[in-house]
Each structure stands twice: as C-alpha cells, then as structure tokens.
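The structure appears right after this line, and notes come after that.
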Amino acid sequence: MRRAAFNRALADADLAAIGPILAPNAILVAGTDSAVIAGRKAQLQAWKREFAAPGRTIYTRTPERIEVSEIAPIALEHGRWQGVSVDGAPLASGSYTAKWRLMGADWVIEAELYLTLA
C-alpha cells in the first residue's frame with residue numbers, strides 16, 4: 000500500500016505525500032548515472048525540480064517480490080520501474096530494489112537502487 004501511495008504521489012507531483020514515505024536518511028541510487036541522492040530533504044528537492052520540469056517524467060515502480068525479515072522490522076522489495084512522459088510515451092525502464100523499515104505504524108523507504116535496462 001505504501002508503494003502504491005508513493006506511485007500516486009509521483010504521478011500527482013505531491014511532495015507532501017512523498018515526504019512521510021521516505022526515512023529521514025533515505026538513499027536513492029539512480030539507474031543510469033548512479034547518482035546518489037542522500038536524505039529525505041535532498042530527495043524532496045530533486046523531486047521538486049523534476050515536477051517543475053517541462054515535459055517531466057512520471058515514474059512508476061511495480062513490485063514483483065517482497066521479502067519481510069522475521070527478525071527485524073525491515074523488508075526488501077524487488078520489481079520493475081518505468082518512466083513515461085506526461086502523454087504516456089515510454090522513456091526508460093528497468094529493475095529496482097528497495098529496502099523498507101517499519102517505523103512506528105508506517106513502512107518507510109530507507110534505500111532504493113535502480114538499474115536502467117531500456
């Protein structure tokens with residue numbers, strides 16, 4: 000459900016909805032250039048720039064497998080991602096892995112690693 004909320008927030012360019020889904024120290028490693036975006040604040044700034052760009056890309060992550068630890072409040076999500084233009088034309092896609100942590104009552108993203116394949 001948290002991944003679906005994150006996808007909706009990206010589609011709607013809703014920074015306020017993205018923030019609570021990211022851990023304060025969340026790390027994102029981009030797919031093509033392996034740029035590292037460290038911290039919730041840095042990621043929100045990056046998304047703000049992306050949302051303001053003319054012809055922005057809308058990203059969707061589709062989980063294929065989720066492994067939940069039996070000994071710690073963590074989980075690993077594996078899946079496919081796709082970036083499309085505002086009019087729906089495919090721009091890029093690949094696979095990803097995301098590490099989640101249960102903090103209080105909510106799952107938050109601690110790390111995401113992307114691989115661009117197309």
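For the record, in the sequence shown the residue sitting at position 112 is 111 according to numbering that gives the first Met the number 0, with numbers rising by one throughout. We treat Cβ as the ideally placed atom computed from N, Cα and C, and that holds for glycine.
### Message
If distances are taken between C-alpha atoms only, which option among G54, L27, F50 and R2 comes closest to A88?
### Response
Taking only the C-alpha atoms, the option nearest A88 is G54.
### Query
Which whole-angstrom value describes the C-beta separation of G93 and A117, a residue pair presumed to lie in contact below a C-beta threshold of 8 angstroms?
That belief holds up - the Cβ atoms of G93 and A117 are roughly 7 angstroms apart, short of 8 angstroms.
### Task
Give the single residue among V67, E69 and R100 whose Cα lies nearest to the Cα of N24.
Its Cα nearest to that of N24, the residue R100 stands out among V67, E69 and R100.
### Message
Measuring CB atoms only, is the region 28 to 47 touching the region 59 to 78, in the sense that at least three cross pairs come out at less than 8 angstroms?
### Response
Contact between the region 28 to 47 and the region 59 to 78 is absent: fewer than three C-beta pairs spanning the two stretches fall below 8 angstroms.
### Query
For E69, which three-state DSSP category applies?
Residue state for E69 is assigned as coil, using DSSP reduced to three classes.
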